[in-house]
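Asker: Whatever position you read off the sequence shown (first residue = 1), add 285 for the working numbering. Just so it is clear, CB atoms sit at the ideal spot from N, CA and C, and this is done for glycine as well.
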Amino acid sequence: MPANAKLRIGSRGSMLALWQSNHIKSALETANPGLEVEVVIIKTQGDIIQDVALSKIGDKGLFTKELEVALANGDVDLCVHSMKDVPTALPEGLMLGPIPKRVAAYDALIAPAGVTSLDELAVGARIGTGSLRRRAQLYALDKGFELVQLRGNLDTRIKKVEEGLLDAVILAAAGINRLGWQDRIAAIIPAEVMTPAVGQGALALELREEDELTAERVSTLSCTTTEICVLAERHIMRVLEGGCQVPIGAHAYVEEGVFKICGMVAKTDGSKVVRAKAEGTAAKSLELAQKVVDDLLSLGAVEILEHARQQAGEDGSVTPIYG
Numbered sequence: 286m287p288a289n290a291k292l293r294i295g296s297r298g299s300m301l302a303l304w305q306s307n308h309i310k311s312a313l314e315t316a317n318p319g320l321e322v323e324v325v326i327i328k329t330q331g332d333i334i335q336d337v338a339l340s341k342i343g344d345k346g347l348f349t350k351e352l353e354v355a356l357a358n359g360d361v362d363l364c365v366h367s368m369k370d371v372p373t374a375l376p377e378g379l380m381l382g383p384i385p386k387r388v389a390a391y392d393a394l395i396a397p398a399g400v401t402s403l404d405e406l407a408v409g410a411r412i413g414t415g416s417l418r419r420r421a422q423l424y425a426l427d428k429g430f431e432l433v434q435l436r437g438n439l440d441t442r443i444k445k446v447e448e449g450l451l452d453a454v455i456l457a458a459a460g461i462n463r464l465g466w467q468d469r470i471a472a473i474i475p476a477e478v479m480t481p482a483v484g485q486g487a488l489a490l491e492l493r494e495e496d497e498l499t500a501e502r503v504s505t506l507s508c509t510t511t512e513i514c515v516l517a518e519r520h521i522m523r524v525l526e527g528g529c530q531v532p533i534g535a536h537a538y539v540e541e542g543v544f545k546i547c548g549m550v551a552k553t554d555g556s557k558v559v560r561a562k563a564e565g566t567a568a569k570s571l572e573l574a575q576k577v578v579d580d581l582l583s584l585g586a587v588e589i590l591e592h593a594r595q596q597a598g599e600d601g602s603v604t605p606i607y608g
C-alpha cells in the first residue's frame, strides 16, 4: 500500500461518537498497514438542536444527514454511525458496509447506589429518557413513574442522577461500556421488560456505492453473526416503517446455534404493548423476522403505530429537562 494512502472518516463530535470512530480508525489501520486514517468531525441536526424532543424534530437522518452529504460530496470516504440512528432507506449512491461485531444491545438503568432494578424505584420516581420506545415500555410497567424528557451527551445525562435531579436514567448499555463507565450501571434491563432499539449496540459503516477501494479496506471488519442479527432487526423496522417517532423495538441474537428474534410495538402511553418472537436457523433469519412482523400485525400493530404517530411528541405529561 502506498505510504500516502489515506482514508477520511466522518463522525459526530460527541465523546461516544468519537470513541466509535477512533475504534474503527484503529481497526482499519491495523488491517491495512500503511493506511493513514483521519477522523473529520461534522455536526448533525441532532447535535445542534438540543432543546427539542427527538419525536418532535423528525427522525429521518436526524443524526446522519449532514454526514451523508459530506460522504456524497467526497469530503469524507466513510461515515461511522450508531446503527440505531441509521434509517432503513439510505440516500441514492450510498450503502452500508460490513457490520462490525456489536456489544450488548440491552438498555441499562442508571440509579443511585443500592438500586439494582426498576422494581426498586419508588412510585413516582423521576426517570430521564428521550426515547419514545423506552417511555412506552416504562409506562406499561404501571409503576407511576414520572418520565422526564432528557437529551444531551451520556455524561451529562448520567450526572442528572449523580446530582439528585433525577431518580434514574435509562441509556443504552453499549455506549456506557464503550466509554468504560460500567461501574455506573445499576442494572441491565432484560429485553422482555424493555426491548432494545433496532441495531442497538452495533456500529454502521456507510460508504459510496462506487468506492471499491474503501469497500475493500473495510471488508475485514465484518462480523457475520452481527450482520445476520442486525439485518433481521432492520427488516422489522423497515416493514413497520418505524423510527424515533414510534415505539418499536427488536432484538436478535444467536444462542447455542439457534437464531432468536423478538419484536415490540407499543402505544406511547404504554396502554397497549404487543410482543412477538421466533426462533430457528440463521439461514432463515429474514423469514423469522417477517414472522415476527406478521404476528405483531395480527396483534394490532397497525392501529398501535397509527396512534403512536398521532401522539408523537404531544404528551404533556413528560417534563422537559434538557442538557
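1) Give the DSSP bridge partners of LEU381, in chain order.
2) Considering GLY413, what are the terminal residues of the beta strand (DSSP E) in which it resides?
3) Take CYS514 as the anchor and find which of ALA487, MET479, VAL503 and ASP468 has the nearest alpha-carbon.
4) Quick test of the definition: if touching needs 3 or more C-beta pairs under 8 Å, does the segment 434-444 touch the segment 356-374?
5) Going straight from the alpha carbon of LEU394 to that of ALA568, what length do you get?
6) Spell out the partners DSSP gives TYR424 in its beta bridges.
7) I need the DSSP call for GLU314, collapsed to helix, strand or coil.
8) Applying the criterion that 16 or more other CB atoms from any shown protein chain within 10 Å of the CB defines a buried residue, is GLN422 buried or exposed?
9) Would you report the Cα separation of LYS444 and VAL454, rounded to the nearest angstrom?
10) Identify which residue in LEU432, LEU498, VAL503 and ASP496 has its Cα closest to the Cα of LEU490.
11) What did DSSP end up calling LYS291 once you bin it into helix, strand or coil?
12) With a threshold of 16 other CB atoms inside 10 Å of the CB of GLN335, please say whether the residue is buried or exposed.
13) Need the endpoints of the beta strand (DSSP E) that ALA563 sits in, please.
14) Compare the C-beta of LYS552 with all C-beta atoms of chain D and state if any pair is closer than 8 Å.
15) Quick one, are the C-beta atoms of ALA357 and GLY382 less than 8 Å apart?
16) Does LYS552 pass the burial test, meaning 16 or more other C-beta atoms within 10 Å, or should it be called exposed?
17) Give me the DSSP bridge partner(s) of ASP392.
18) Can you check whether the CB of GLY413 is closer than 8 Å to the CB of LEU451?
19) Mind reading off the beta-carbon distance from VAL578 to ILE521? Whole number of angstroms is fine, and I expect it under 8 Å.
20) Among ALA389, ASP427 and GLN595, whose alpha-carbon lies nearest the alpha-carbon of ASP404?
21) Less than 8 Å separating the beta-carbons of ALA593 and ASP580?
22) Would the beta-carbon of ALA316 fall within 8 Å of that of THR505?
Answerer: A quick look at the data gives this:
1) Answer is GLU491, bridged to LEU381.
2) Its beta strand (DSSP E) spans residues 411-413.
3) Measuring C-alpha to C-alpha distances from CYS514 to each of ALA487, MET479, VAL503 and ASP468 identifies ALA487 as the nearest.
4) Contact between the segment 434-444 and the segment 356-374 is absent: fewer than 3 CB-CB pairs across the two stretches fall below 8 Å.
5) Each residue's Cα considered, the two are about 34 Å apart.
6) The partner list for TYR424 (beta bridge, DSSP) is empty, contrary to what the question assumes.
7) Assignment of GLU314 by DSSP, reduced to helix, strand and coil, places it in the helix class.
8) Its Cβ being crowded by 16 or more others within 10 Å, GLN422 is buried.
9) Cα-Cα distance, rounded: 10 Å.
10) Comparing alpha carbon positions, the residue from LEU432, LEU498, VAL503 and ASP496 closest to LEU490 is VAL503.
11) In the three-state reduction of the DSSP assignment, LYS291 falls in the strand class.
12) Confidence is the limiting factor: at GLN335 the pLDDT is only 48, short of 50, which leaves the residue's position unreliable and the question unanswerable from this model.
13) For ALA563, the enclosing beta strand (DSSP E) stretches over residues 558-565.
14) The structure shown has no chain D; it contains just one protein chain.
15) Pairing ALA357 with GLY382 gives a Cβ-Cβ distance that is not under 8 Å.
16) It counts as buried.
17) DSSP, once it has assigned bridges, lists ALA457 and ILE474 as partnering ASP392.
18) For LEU451 and GLY413, yes; Cβs fall inside 8 Å.
19) The pair is a contact, with the Cβ atoms about 6 Å apart (cut-off 8 Å).
20) Of the listed residues, the one whose Cα sits closest to ASP404 is ASP427.
21) With contacts defined as CB atoms closer than 8 Å, ALA593 and ASP580 fail to qualify as a contacting pair.
22) Contact flag set, yes.
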